[in-house]
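Going left to right, the sequence shown walks through residues 1 to 160 as full-length UniProt numbering numbers them.
Cβ atoms here follow ideal geometry from the backbone N, Cα and C, with glycine treated the same way.
Model, not experiment: these values are computed from the prediction.
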Amino acid sequence: MATSVYEFEVLKEDGTAYSLESFRGQPLIIVNTATKCGYAPQFEELEAIYQEYKDQGLVVLGFPSNQFKQELGSSHEAAESCRLTYGVTFPMHHLISVNGKNTDPLFKYLKDMSKGSLGSTIKWNFTKFLVDKDGQVVERFAPMTSPKEMIPAIKKIMNK
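Next comes the structure, spelled out in structure tokens:
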């Protein structure tokens, strides 16, 4: 079993693979997204946090998922919608599954490292995982939790 998020390879929105190793030493917010979800306005808060803390190393990684039938047809369409509608500049990725037999390996790891109220299941879009500079999951935030409420936890791991 993996020992940190750095052991995973993910796909950018265009299908290009890269290793999360490239973010070693940086705190991360990893979030499953959906552009047609009622929580989609959280994109604006996530972007604001990214803009405020990116110079200190924080990276937000968005992973669109149609698991809950609230995403556009392709990774490119989802990312484009995020940019145009919410001004997102943080990296967006390929459409993934967050639950079930086709769960993306990164999200299986994230869920295993931070069980939520439904065990390891992600119950909805905008489940947010805060990862420290060592690649360890330190906290899981529920879909209804505003990204702004994550700021104290973000500051804590940034100061370590």
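By the three-class DSSP mapping on this structure, what secondary structure does residue i have?
| i | result |
| --- | --- |
| residue 83 | helix |
| residue 150 | helix |
| residue 22 | helix |
| residue 5 | helix |
| residue 224 | Residue 224 cannot be examined here, being either before or after the span of the chain that is shown, 1 to 160. |
| residue 144 | coil |
| residue 94 | coil |
Residue range of the beta strand (DSSP E) that residue i falls in?
| i | result |
| --- | --- |
| residue 17 | 17-19 |
| residue 105 | No beta strand (DSSP E) contains residue 105, which is instead part of the alpha helix (DSSP H) from 105-113. |
| residue 13 | Looking at the DSSP string, residue 13 is not in any beta strand (DSSP E), and its letter there is neither H nor E. |
| residue 32 | 28-33 |
In whole angstroms, what is the alpha-carbon distance linking residue i and residue j?
| i | j | result |
| --- | --- | --- |
| residue 139 | residue 42 | 18 Å |
| residue 61 | residue 32 | 9 Å |
| residue 10 | residue 78 | 16 Å |
| residue 17 | residue 48 | 26 Å |
| residue 20 | residue 102 | 20 Å |
| residue 25 | residue 112 | 22 Å |
| residue 157 | residue 130 | 9 Å |
| residue 90 | residue 23 | 13 Å |
| residue 105 | residue 8 | 8 Å |
Hey, could you find the ends of the alpha helix (DSSP H) residue i is sitting in?
| i | result |
| --- | --- |
| residue 46 | 42-53 |
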